[in-house]
Structures are given as C-alpha cells and as structure tokens.
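Written out below as structure tokens is the structure these notes cover.
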Amino acid sequence: MDKAIAIQSPLVAKNIARARQRNPEATPEQVIRSLERMYVSALTGTGAAVGGAAAAPGVGTGVALALSAGEALSSLELSALFALSIAEVHGVRIDEVERRRTIVMGIMLGGSGSATISKVAERTGQHWGRQIVAKVPSETLKQINKVLGKHFVTKYGTKQGIIVLGRVAPFGIGALIGGGANAALATLAVRAGRRAFGPPPPTWP
Numbered sequence: 002m003d004k005a006i007a008i009q010s011p012l013v014a015k016n017i018a019r020a021r022q023r024n025p026e027a028t029p030e031q032v033i034r035s036l037e038r039m040y041v042s043a044l045t046g047t048g049a050a051v052g053g054a055a056a057a058p059g060v061g062t063g064v065a066l067a068l069s070a071g072e073a074l075s076s077l078e079l080s081a082l083f084a085l086s087i088a089e090v091h092g093v094r095i096d097e098v099e100r101r102r103t104i105v106m107g108i109m110l111g112g113s114g115s116a117t118i119s120k121v122a123e124r125t126g127q128h129w130g131r132q133i134v135a136k137v138p139s140e141t142l143k144q145i146n147k148v149l150g151k152h153f154v155t156k157y158g159t160k161q162g163i164i165v166l167g168r169v170a171p172f173g174i175g176a177l178i179g180g181g182a183n184a185a186l187a188t189l190a191v192r193a194g195r196r197a198f199g200p201p202p203p204t205w206p
C-alpha cells in the first residue's frame with residue numbers, strides 16, 4: 002500500500018491533465034467522470050490481459066501465479082492514483098502520508114471503509130473524504146489506519162487471492178475472471194469515491 006501511494010502521488014497532476022486532454026474546458030464533474038472511466042477501463046484491461054497470458058499454452062502455474070501477483074500490485078497502484086486524483090479535483094489536497102493511506106484504503110474498502118472511518122473518528126454525516134483532511138487529528142488517523150489496515154488485508158487480500166487463482170484457469174476462462182473481477186472492484190471503488198467526496202465543485206478553484 003505504501004509503495005503504491007508513494008509511486009502514484011507524483012503522477013496525480015499528470016493523470017488529471019490526461020483526463021482533460023480531449024476537452025480542456027471540461028468541468029470538474031466531467032473530469033471526474035473521465036477519471037472514473039479511465040480507472041475502470043485500465044483495471045479491467047490489466048486483469049483480462051494477465052488472465053489471458055496466464056492461460057496461454059506453455060505458461061506454467063508458477064509463472065501464471067507470479068504474473069497475477071504482479072498484477073495485484075498494479076491494481077493497488079491504479080487504485081491509489083484514482084483515489085488521490087479525485088481528491089485533488091475536489092480541491093482536497095492531501096500532503097500527509099497518513100491521510101493518503103486513509104483516503105486510498107477507505108475508497109478501496111467501499112462501504113465498510115467509510116463505516117470504519119466514521120466510527121473511529123466519532124464523526125457522522127456524508128462525505129468523509131473532506132472531513133478526514135480538514136478536521137481529524139493525526140493521532141486519530143493513525144488509529145483509523147490500524148483498523149482499516151486489518152480490514153484491508155482480510156477483505157482485499159482474500160478477494161485478490163481468489164482472483165489470482167481464477168486467472169490461472171485454462172481455455173481463456175482466466176481472462177474472463179480477471180477482467181470481470183477487476184471491473185467489479187473498480188466499480189465499487191468508483192461508488193465509494195462518490196460517497197467519500199460528494200458532488201464535484203461547479204468550477205475549478
């Protein structure tokens with residue numbers, strides 16, 4: 002997780018710029034929708050590609066599992082980039098590593114992540130992504146991340162384990178499993194991101 006966040010943080014501005022290429026006059030909402038599409042497409046594509054490669058003739062199970070494990074790291078990196086990018090578009094600048102961890106894990110865990118954050122932070126209401134940056138002390142964030150970390154290893158790790166085994170299935174089934182599973186994970190993250198930050202700002206700051 003830390004490696005994924007560290008690698009992707011410097012790329013946030015470039016990712017947003019790429020989303021604005023086709024329409025430099027795009028509103029924040031249009032850019033966020035573009036970021037969502039890019040994320041779902043990228044994650045689905047990597048899952049299907051690895052699943053297809055793992056099932057290719059002559060590829061042993063060990064190599065196939067290694068390919069899938071590498072793709073799991075790529076998924077983390079893509080998800081970290083997505084979460085930090087939409088935070089930036091919402092005007093939520095996250096300079097502290099601890100806050101980045103909370104945002105990324107909270108979005109990737111979906112509903113259970115937001116519930117955990119609200120409970121530990123003792124705050125209620127919508128759009129926890131903004132509250133985390135503006136109002137929650139660093140010590141509270143560390144407590145939140147400890148709890149989120151355990152959930153993340155259990156929930157996300159279990160899902161990835163099942164997906165990794167599914168990708169090594171023969172006859173092209175692995176590509177379907179890899180692509181479909183990644184698409185489902187990306188869709189859940191998109192929904193969680195919308196809940197975390199709420200409606201996009203009407204104009205750029």
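Just so we're on the same page, the numbering used here is the position in the sequence shown counted from 1, plus 1. Each residue gets a CB set at the ideal place from its N, CA and C atoms; glycine is no exception.
Does the beta-carbon distance from residue i to residue j come in below 7 Å?
i	j	result
threonine 204	leucine 142	no
phenylalanine 198	histidine 128	yes
alanine 20	glycine 111	no
proline 207	glycine 92	This structure gives no information on residue 207, because the portion of the chain shown stretches from 2 to 206.
alanine 135	isoleucine 108	no
proline 201	proline 25	no
leucine 12	leucine 82	yes
Quick check on residue i: does DSSP put it in helix, strand or coil?
i	result
glycine 130	helix
glycine 31	Reading off the sequence shown, one finds glutamine at residue 31, where the question assumed glycine. Glutamine 31 falls in the helix class under three-state DSSP.
methionine 39	helix
arginine 195	helix
asparagine 24	coil
threonine 188	helix
proline 138	coil
serine 204	Here the sequence assigns threonine to residue 204, which means serine is not the residue at that position. It is coil, neither helix nor strand.
serine 10	helix
Give me the residue from the options with the minimum Cα distance to residue i.
i	options	result
alanine 75	Leu189, Asp3, Arg21 and Ala193	Residue 75 is actually serine in this sequence, not alanine. With distances taken between Cα atoms, serine 75 lies closest to Asp3.
alanine 43	Ala88, Ala184 and Pro25	Ala184
arginine 94	Ala187, Ala190 and Ala14	Ala14
methionine 106	Val148, Glu97 and Lys136	Val148
leucine 214	Pro206, Arg195 and Ala7	Residue 214 lies beyond the stretch modelled for the chain, which goes from 2 to 206, so this question has no answer here.
alanine 190	Gly92, Pro200, Gly150 and Ile87	Ile87
arginine 101	Ser115, Asn146 and Gln31	Asn146
Could you give the distance in angstroms between the alpha-carbon of residue i and the alpha-carbon of residue j?
i	j	result
serine 139	alanine 187	28 Å
arginine 34	valine 90	11 Å
glutamine 144	isoleucine 118	10 Å
valine 41	glutamine 132	26 Å
glutamine 9	serine 80	9 Å
valine 98	glycine 150	14 Å
asparagine 16	lysine 120	32 Å
methionine 39	alanine 5	18 Å
threonine 155	serine 113	12 Å
alanine 18	serine 115	28 Å
glutamine 22	threonine 45	22 Å
glutamine 31	aspartate 96	25 Å
Tell me whether residue i, by its Cβ, gets closer than 6 Å to a heavy atom of the ligand GDP.
i	result
lysine 15	The ligand GDP is not part of this structure, which contains no ligands at all.
- request: Would you list, in sequence order, the uninterrupted alpha helix (DSSP H) runs of no fewer than 4 residues that lie entirely inside the stretch 92-125?
  value: 98-109 and 112-122
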